[in-house]
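Here's the structure, in structure tokens; my notes come after.
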RNA sequence: AGUCUCGUAGCUCAGCCGGUUAGAGCGCUACACUGAUAAUGUAGAGGUCGGCGGUUCAAGUCCGCCCGAGACUACCA
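Structure below.
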């Protein structure tokens, strides 16, 4: 027996199937039944369980699940080791806020030990919720034995990787310009800088300084700054290559000295009024307003300025290499300032980079160990070398001063004829969120991976990766690789993987530890040298690891560099660290690297996708993954980002509970390409449920209803295909085409196309054509071979569809598959997920047949539309339709499906109209594809000429297969192929067209047709009565009907037909019906009838 | 600011190498059908294919610029 549930309830199916999977270990079996030598390697990008799962996680995981399931069904062994990302700033910040502490309190109010314990507890806080959503959404991943990034074994593998890089000389200590809070004494992450309220409007003194061009008396570059305190650190000026610059002759407004200043032409208007050859110095000393000038004495492009030298503005410190040159940079604009950018490599990120590019040194002073540092110390004060301002804070850090350093510097510049202009300037400036004091951009020590040296190789290897979509790989990712900077590994935090590097205090000697064993050996050495009793800590995290002291080869004490490493390195290490490679599982690793497939959100492009790729390239000279799908964002239905604040976040648990996991998954995949952003609309899920799952469910229950009545259990031998009716062969052909295409789409990482094709098949072909046209085969007559063929055909379709849809909708497909298979035991798989993905049988694909049926569908549709136009009920049989014949083959094709069409539209015959009848009217159009290329400019004229052709011209072209076309003196020899000739009108008839198809309908109704029409009406009414009286489908009846001029002929001529259709054993015409009911028939005919149930 | 994606009917999306009536589903309206019935069919309304310019005989499709939405990265001297 097939199950016949009362209605479609996807949530119930979810529950039932989940229980089944768990009880029968279907996931485990689906992996284990496949050969280990035939693996498809998947890497799970580790989520962080310290936040609740969102609907976008359902999206990302659906994509992962689809391809793993597909490959698994296709015969691959697909192990899916789960993982958890456990380190990182978000976790630390969460713990800080829950404990009500700040970073400064760590190690003071709370020990590092306790703090890290708190992190470790927090990090898995929502693990249960994650496990729950994983289960409910049907995502198959092994969560019993996941990799966890805080485990010692994981850390050890990461250390090993770092050691490989260290040995390749790819780890170095340098500095970068980072946001730094002198008040808090700590660097700030970009996350902290983006906290609300961090940027505040403040009023600063801005200055335009005059940098004297080397070798001139009075020529100056003008450069603007809002941070005059960085001027002593200036070592370069930067201009834009294509910006126009001018040299302006005039006077300094403060000193009255004659000067020639260089600035961007576009910025002139901001500082100068008009030219005045007779200008006096007094006229410019009036104040801060724009001033007049004498004349523009020269113009040049920025590129012409490149390499020019100037004199140091404030010579407190001498640079170690040649400096004070004009550079060209692409970041220069003329929106503010002078179009010339003051460049201080120690205090600006742009400055740092451009200076590096030109080998311009930063201004540095040496500390007690001879290590270089900037002119401002970590408290935000000028170092003593800056004599005039030594010890003064460069920004407001609570000191009470009459004038700021900026103001004093401006005064000094004024006095020395080095200032062009100064004014107060309001701008938004970042502040430390803890101390509320201004942030400085400050050079901070960091450990780097020399990723830039592997840039070319990464770029090369990237070309071998199959990106979905391709543009992310070539564009976003490729461009990023092209401009790759070194990877800043350092994080000054507590909860993360400690950098395994120990250094001597002077920084001259260092050791990188690559394993626990190494560490043990080094500890022994140190113990011996220093007389200590250290052991390898049980937990490799801080603070225990910090307590370990090692010794250099010459016996000097070494301390661990206190940094942690970037968490992105953690997750990028997972291909190795998940197996504790190389300390364990060498074989396992070898068989699972690189991955065949990974998938994450597009926001991981420069995150996980990059770190995986970078580490694999640098350490193993290999890609880490061969195929990668990056999905877009899940937005709300209006296209806005989902957020708690807006209250538009969709709860994945609610959604799955209300709509079922399958409808949710199917909607997400079918609605838009996964790499496009998804506007997530619950109504869309509902539509998918009704339209697709509802239709498929209806088809199944239709099948189940009749198969149960007939006890069809697929026990009979397969009816040979050539003995099945055309329509069976057609749907089987289409099914095989579908199998072929859907398999290819999955294999090609195109899930959206796969789902759309399945939907189209189920809706347009299987349900609305095959089942609709074949209904009678299921309900009528005996258990004949034709009926068995129908059952077998529909069964095959349903069972195959279950397999095709299984990767996307694992629950419903399994429900469907098992309902079918349990009744027939046709296959020995207990779940669809243990079955093999169908393979198309090319021999069953009959393109001519598909074409034929397509004609049938389209002709039927045209006839129905004509009936509609003519107000002809479908129940009223009509004599014939007229069909112009396109070519001989066409007529043959249509003949093949004639019966289907005639039955479908209730017509008696098709009359073919060929040319010879002479009543067709043809239309001619040029074939633009063939002609356009040949005619070129004459195409337009040709189209006009061809458009004006009459029936005779067309007839001639068709008979002679040639035409001479002359345009503007050129003559072209054309053949029939150069035209598109169609028949779209039959004079005197109502016609309908669809592309090349044209149909006319004969609406003449003879008495006999009328009687037959009435007979059909009667059948319909009697059936309604049967139904309204709840008769059994198999009950026989007897019928009494009143005589009536319109009704009597129908009963007389078509009585047997009526009886057969309604299972009536008798049909009597009587003068009056006792206790009957009134029937309303077309044309206002009313008669009484009595229907009796016979048992 | 750079890089990338997207912009086609009220909504969600197709539209292949450029080729002449720009499609589907949903929604809406009307009609039909009724042994799949909380299903189905047919028809109608609804489009300056984001804008401007270019290439071409021909542009929704190729190129450039601009506008709008979004993502990432960097930053504002």
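In the working numbering, the protein residues as written are 176 to 1270.
Idealized CB from N, CA, C, for every residue including glycine.
For clarity, every value in this text was computed on a predicted model and none was experimentally measured.
For this session: Enumerate in chain order the residues of its own chain whose CB-to-CB distance from residue 1086 is below 6 Å, with the five nearest sequence positions on each side excluded.
Result: 1055 and 1057
For this session: Note down, in chain order, each residue of its chain lying with its Cβ closer than 8 Å to the Cβ of residue 762, except the 5 sequence neighbours on either side.
Result: none
Problem set entry | Same chain, Cβ closer than 6 Å to residue 471, neighbours up to 5 away in sequence not counted | 421 and 423
For this session: Tell me whether the beta-carbon of residue 237 lies closer than 7 Å to the beta-carbon of residue 632.
Result: no
Exercise. Where do the ends of the beta strand (DSSP E) carrying residue 322 lie?
Worked result: 317-323
Problem set entry | Length of the line joining the Cα atoms of residue 1060 and residue 1089 | 5 Å
Exercise. Which stretch, first to last residue, makes up the beta strand (DSSP E) that contains residue 727?
Worked result: Unbroken run through residue 727: none, as it is neither H nor E.
For this session: Quick one: which unbroken beta strand (DSSP E) runs of 3-plus residues sit fully inside the region 827-860? Chain order, please.
Result: none
Exercise. Residue 1108: which of 1153, 1142 and 1077 sits nearest, CA to CA?
Worked result: 1153
Exercise. Apart from the five residues just before and just after residue 228, which ones in its own chain have a Cβ nearer than 7 Å to its Cβ?
Worked result: 304, 305, 308 and 827
Problem set entry | Cβ-based neighbour list, residue 882, same chain, cut-off 7 Å, excluding 5 preceding and 5 following | 177 and 966
Problem set entry | Exposed unless 16 or more other CB atoms sit within 10 angstroms - verdict on residue 506 | exposed
Exercise. Can you name the start and end residues of the alpha helix (DSSP H) that residue 147 belongs to?
Worked result: Here the chain comprises residues numbered 176 to 1270, so residue 147 is not present and cannot be evaluated.
Problem set entry | Buried or exposed by the 16-neighbour rule on C-beta atoms within 10 Å, applied to residue 331 | buried
Exercise. Roughly how many whole angstroms lie between the Cα atoms of residue 950 and residue 848?
Worked result: 36 Å
For this session: Could you pull the start and end residues of the alpha helix (DSSP H) that residue 1155 belongs to?
Result: Looking at the DSSP string, residue 1155 is not in any alpha helix (DSSP H); the run it does join, the beta strand (DSSP E), is 1154-1160.
Exercise. Considering only the beta carbon of each residue, do residue 293 and residue 597 sit closer than 7 Å?
Worked result: no
For this session: Return the CA-CA distance between residue 1039 and residue 1080, expressed in angstroms with no decimal places.
Result: 7 Å
Problem set entry | Spatial distance of residue 431 from residue 486 (CA atoms) | 21 Å
For this session: Work out the CA separation of residue 1083 and residue 1176 for me, nearest whole Å.
Result: 11 Å
Exercise. Should residue 1214 and residue 1266 be called a contact, given that it needs their Cβ atoms to be closer than 7 Å?
Worked result: yes
For this session: Can you say whether residue 1201 is buried or exposed, counting buried as having 16 or more other CB atoms within 10 angstroms of its CB?
Result: buried
Exercise. Buried or exposed: which applies to residue 753, given that a residue is buried once 16 or more other Cβ atoms fall within 10 Å of its Cβ?
Worked result: buried
Problem set entry | Three CB pairs or more closer than 8 Å across the region 445-456 and the region 578-586 | no
Exercise. Per DSSP, which one or two residues make a beta bridge with residue 383?
Worked result: 399 and 596
Problem set entry | Contact set for residue 900: own chain, Cβ-Cβ below 6 Å, skip 5 residues either direction | none
Exercise. First and last residue of the beta strand (DSSP E) that includes residue 1338?
Worked result: Summary: the structure shown does not reach residue 1338, with the chain confined to residues 176 through 1270, and so no result is reported for it.
Problem set entry | Residue range of the unbroken alpha helix (DSSP H) whose run includes residue 475 | Careful: residue 475 lies outside any alpha helix (DSSP H), inside the beta strand (DSSP E) at 470-476.
Exercise. Within this structure, are the beta carbons of residue 556 and residue 566 separated by less than 7 Å?
Worked result: yes
For this session: Determine contact between the region 346-365 and the region 510-525, defined as no fewer than three beta-carbon pairs at a distance below 8 Å.
Result: yes
Exercise. Using 8 Å as the threshold, is the region 864-883 in touch with the region 1005-1017, meaning 3 or more CB pairs across them?
Worked result: no
For this session: Could you tell me how far apart the beta carbons of residue 704 and residue 730 are, in whole angstroms, since I believe they sit closer than 8 Å?
Result: 6 Å
For this session: Pull up the distance between the alpha-carbon of residue 659 and that of residue 268, whole angstroms please.
Result: 29 Å
For this session: Given a cut-off of 7 Å, decide if residue 1142 and residue 1290 are closer than it, judged by their beta-carbon atoms.
Result: Limits of the chain in this structure are 176 at one end and 1270 at the other, which puts residue 1290 out of reach.
Exercise. Between residue 599 and the rest of its own chain, which residues show a CB-CB distance below 7 Å, the 5 nearest in sequence each way excluded?
Worked result: 378 and 380
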